[in-house]
Amino acid sequence: MKTTKFHLQTRKETPADAEIISHQLMIRTGMVSQLGSGLYNWTPLGLKVLRKIEKIVREEMDKAGCLEMIMPTIQPSSLWEETGRWDKYGDLLLKIKDRAGRDFCFGPTHEEVITDFARKEIKSYKQLPITFYQVQTKFRDEIRPRFGVMRAREFLMKDAYSFHLSTDCLKKTYAKIHQAYCNIFERIGLTYRPVEADSGEIGGTGSHEFHVLADSGEDAIAYSTGSDYAANVEKCEVLAPTKQRKEAIAELTVIDTPNKKSIADVANFLSVSPKKLVKTLLVEGVDFPVALVLRGDHELNEIKAANLKQVASPFTMLDDEQIKMIAKCDAGSIGVKDLDCYIIIDRAVEIMSDFITGANQDDKHLTGVNWDRDAKFNQVADLRNAQAGDPSPDGKGKIKIARGIEVGHIFQLGDTYTDSMNAVVLNEQGKSQHMTMGCYGIGVSRVVAAAIEQNHDDKGIVWPQQIAPFTVVILPMNMAKSERVKQVANNLYSDLTKLGVEVIMDDRKIRPGVMFADAELLGIPHQITIGDRALDEGEVEYKSRKEMQNVRIKLDEIVNHITSLL
RNA sequence: CGGGGUAUAGCGCAGCCUGGUAGCGCAACUGCUUUGGGAGCAGUGGGUCGGGAGUUCGAAUCUCUCUACCCCGACCA
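This is how it looks when you write it as structure tokens:
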């Protein structure tokens, strides 16, 4: 491709409403342009990247034995009424009517459609297991679309649905697709983690999210340095400390802490580490308020707390008035001594001794507090978020925390849909049996943004080679004046093109600075500069986008040099 | 949906308070010069100032209203 024949519209300035780097760079390179809230055009440049990801996804899905099909984007309401999701899916569903006034929605996902297809097509256990997939545009009327294509309303998704007779069989396919997903992100060239996820409302036994690691990620991921273990921080169990509680030495003492309410305030005031402090949080319980007790430097995990049977769901903190009734003081001075409610302490708190806590009296704290001697608790539980340095729950290595962007999610659905839609097959005994299902999604358009979040520098995008819009960029210096440069550039262009290398040559009549800037903004992995200066010595210049180091290469070796890098 | 903001040329913005029917930078186009890191000079094109209504002799500017977009929260590939 030559730039003059391509639609290349880069811009120097970043649009004001592009928040995150991937959105900014996608707009500046001209990969996408916005049509409306959460609606984007994919330009020829952007589409090249999207297609490359799709191709890898298709190849790996096919390899895993999945079968591609296309389903309508517009779906009749009747299917959604069968599963109850016409109402339950809520405002995310874009509902529309046809000319006859019949209700439809623009598909946000295709469980209903595929289950309907399966119940009509699959009649015998002999046809199972089977997995269908689609790579299609979906529409979710998100409450707040943002970050460009990262959370768009209309987006490209690969969705796969598997059907089985047994849970064992489902688990096998699930594992196979788990592997396929690893292959996909591996091939795309991203640093990623499969992460244990909450299967939540959809139910079923197993669920993994696939996260691309990037500082701007919206989710915190806890992963082990010593094994493959990874989980959403919210889900990551924190093991009980192996240390024993030390003997109580200090005397219980009441101290004045005027206006010191937060852990940080009190720790500073007393010149001690927050680790010596204990914080007490009062929350609504099922029938009586519950106190949750954590070490000063730890963070409450609301999901873990809400899962405890004494704690009310949804998780709710008591308000100031309620706190006053129970603790007889403001939130800043609650303590465990003589606190009249059910007390659940974190595993880390159990082994603390001589600690500091609120005195249940405004502007006062207690030091030298010890369990049994000074205060009692009812229960020990895992209450806090995992932190870097915690031991991994599987006993191997330590936890590190990274931020991730969720680009894939796989579920063992079970029979939720086949049940409500009555999708049955005859089993080996000739009896009707509901099929069991799995579903497996990848946000293809989101992967593009995630790849940029993970691979950029101050000059622009640094594409992983497998998904770069072009593999090589040729930059002829002053081609309009130098016939020699022009000829060498054109020859190199056609040599590489013949070898199947995707080349873009900047044949615009522009100054070199603009060329370099654009090539770097676009993030083409391999850059070849052709100028009279090097040609005088029979050479051209090569620069890798990642390394940004210029290397002189003999003209007759450049093609081999490039192909050796691919 | 709740809270906050913005809307003026393709992009980024000024003008609005204190009405007199638009301007800057970048981009685009033409010419000359320049030519290894986002060039210089000269010139050109492009806006019913988000829509509608009102006040006024006169509205980008004041008032009302609608719409769109963005940010913060819950949700998700």
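The first sequence begins at 250 in my numbering and counts up by one.
We put the beta carbon where it would ideally sit given N, CA and C, even for glycine.
Subject >> Nearest-angstrom beta carbon gap, residue 773 and residue 721 [assumed within contact, 8 angstroms] >> reply: With a contact defined as Cβ atoms closer than 8 angstroms, residue 721 and residue 773 qualify at about 7 angstroms.
Original post:
Taking the beta strand (DSSP E) that residue 460 falls in, what are its first and last residues?
Top reply: Counting along the chain, the beta strand (DSSP E) containing residue 460 begins and ends at 456-462.
**OP:** Would you please state the rounded distance, in angstroms, between the beta carbons of residue 313 and residue 437? I believe it to be under 8 angstroms.
**Re:** The Cβ separation is near 16 angstroms, so there is no contact.
Original post:
What is the C-beta distance between residue 278 and residue 710, in whole angstroms, given that I count them as a contact (C-beta under 8 angstroms)?
Top reply: Indeed they touch by this definition, with Cβ atoms about 7 angstroms apart.
Original post:
Which residues share a DSSP beta bridge with residue 335?
Top reply: Residue pairing by DSSP places residue 335 opposite no residue, since no beta bridge is assigned to it.
Original post:
Under the three-state reduction of DSSP, which class applies to residue 706: helix, strand or coil?
Top reply: Three-state result, residue 706: strand.
Original post:
First and last residue of the alpha helix (DSSP H) that includes residue 667?
Top reply: DSSP places residue 667 inside the alpha helix (DSSP H), whose first and last residues are 665-669.
Original post:
Any contact of the segment 655-673 with the segment 415-424, i.e. 3+ C-beta pairs under 8 angstroms?
Top reply: Yes: the two stretches touch, three or more of their Cβ pairs being nearer than 8 angstroms.
Original post:
Quick one: what's got a C-beta closer than 6 angstroms to residue 702's C-beta in the same chain, skipping five residues either side?
Top reply: If we look at residue 702 and ignore the five residues flanking it on each side, its Cβ neighbours are 271, 463 and 465.
Subject >> Alpha-carbon to alpha-carbon, residue 332 and residue 670 >> reply: Put simply, the backbone Cα of residue 670 is about 7 angstroms away from that of residue 332.
**OP:** Assign residue 748 to buried or exposed, taking buried as 16 or more other Cβ atoms, counted over all protein chains shown, within 10 Å of its Cβ.
**Re:** By the 10 Å Cβ count, residue 748 comes out exposed.
Original post:
residue 377 and residue 357: beta carbons closer than 8 angstroms?
Top reply: Going by C-beta atoms, residue 377 is not nearer than 8 angstroms to residue 357.
**OP:** Determine the DSSP secondary structure at residue 498, reduced to helix, strand or coil.
**Re:** Coil.
Subject >> Cβ-Cβ distance between residue 652 and residue 470 below 8 angstroms >> reply: Their beta carbons are under 8 angstroms apart, which means residue 652 touches residue 470 by this criterion.
**OP:** Return the CA-CA distance between residue 755 and residue 379, expressed in angstroms with no decimal places.
**Re:** Rounded to whole angstroms, residue 755 to residue 379 spans 48 angstroms at the Cα level.
Original post:
On the premise that residue 575 lies in contact with residue 818, defined as a C-beta separation below 8 angstroms, what is that separation, rounded to the nearest angstrom?
Top reply: Since the first residue of the chain shown is 250 and the last is 815, residue 818 is not available in this structure.
**OP:** Could you name the residues of the same chain whose beta carbon sits closer than 6 angstroms to that of residue 298, not counting the 5 residues immediately before and after it, in chain order?
**Re:** So the qualifying residues of the chain are 697, 716 and 718.
Original post:
Does the distance from the CB of residue 607 to the CB of residue 583 come in under 8 angstroms?
Top reply: Closer than 8 angstroms, so yes.
Subject >> C-alpha distance - residue 491 paired with residue 793, whole-angstrom precision >> reply: If you draw a straight line from the Cα of residue 491 to the Cα of residue 793, it is about 50 angstroms long.
Original post:
From this set, 309, 346 and 316, which residue's C-alpha is nearest residue 327's C-alpha?
Top reply: The residue among 309, 346 and 316 with its C-alpha nearest the C-alpha of residue 327 is 346.
Original post:
Would you report the Cα separation of residue 554 and residue 813, rounded to the nearest angstrom?
Top reply: Answer to the nearest angstrom: the Cα atoms are 55 angstroms apart.
**OP:** Work out the CA separation of residue 255 and residue 802 for me, nearest whole Å.
**Re:** For residue 802 and residue 255, the distance between alpha carbons rounds to 28 angstroms.
Subject >> Distance, residue 423 Cα to residue 510 Cα >> reply: Residue 510 and residue 423: Cα-Cα distance of roughly 50 angstroms.
Subject >> Proximal residues to residue 705 (C-beta, below 7 angstroms), its chain only, five neighbours per side dropped >> reply: Hits under 7 angstroms: 270, 274 and 711.
Original post:
Can you tell me the Cα-Cα spacing of residue 428 and residue 725, whole angstroms?
Top reply: Rounded to whole angstroms, residue 428 to residue 725 spans 44 angstroms at the Cα level.
Subject >> Residues of its chain near residue 779, where Cβ-Cβ distance is below 6 angstroms and the 5 sequence neighbours each way are ignored >> reply: If we look at residue 779 and ignore the five residues flanking it on each side, its Cβ neighbours are 725, 734, 737, 738 and 789.
Subject >> Terminal residues of the alpha helix (DSSP H) in which residue 425 lies >> reply: Per DSSP, the unbroken alpha helix (DSSP H) holding residue 425 starts and ends at 416-437.
Original post:
How about residue 612 and residue 514: do their beta carbons lie closer than 8 angstroms?
Top reply: No, these two residues do not count as a Cβ contact at 8 angstroms.
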